[in-house]
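Enquirer:
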Amino acid sequence: MFRALLLVVVACLQCTCQNPSEPSIGELLTNDDQLRFCSGGLELTYPDLDINSCLIVPKKFRQNITQKWGPPLVRLATADK
440 MFRALLLVVV
450 ACLQCTCQNP
460 SEPSIGELLT
470 NDDQLRFCSG
480 GLELTYPDLD
490 INSCLIVPKK
500 FRQNITQKWG
510 PPLVRLATAD
520 K
């Protein structure tokens with residue numbers, strides 16, 4: 440019984456920790472980084488990704504951003520329409 444439980448725990452850890460260094464799409468930057476990089480209300484829109492808050496873009500999107508999608512739609516939230 441203990442071996443079966445241990446096997447389930449290992450399988451769950453393996454499934455959830457395949458890329459432990461990969462940030463999730465909603466992971467925010469540190470407070471220091473937000474103060475330096477995240478001001479002014481700039482919003483970017485790509486085909487599969489809307490960026491309206493300061494976040495770390497996961498690796499799976501980085502290739503699309505640099506090679507497939509082209510330039511984003513850029514909007515400054517404080518600008519007059």
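Under my numbering, the letters of the sequence shown match residues 440 to 520, in that order.
Cβ coordinates follow ideal geometry from the N, Cα and C atoms, glycine included.
#1: Excluding the 5 residues flanking Leu468 on each side, which residues of the same chain have their C-beta closer than 8 Å to its C-beta?
#2: Nearest by alpha-carbon distance to Arg521: which of Leu481, Thr505, Lys507, Pro497 is it?
#3: Kindly indicate the opening and closing residues of the beta strand (DSSP E) around Leu515.
#4: Can we count Ala516 as close to the ligand ADP, meaning its CB is less than 6 Å from some heavy atom?
Expert: For this structure:
#1: Phe476, Cys477, Cys493, Leu494, Ile495
#2: Look at the range of the chain in this structure, 440 to 520, and you will see that residue 521 is not part of it.
#3: 512-515
#4: In the structure shown, the ligand ADP is absent, as is every other ligand, since no ligand is present at all.
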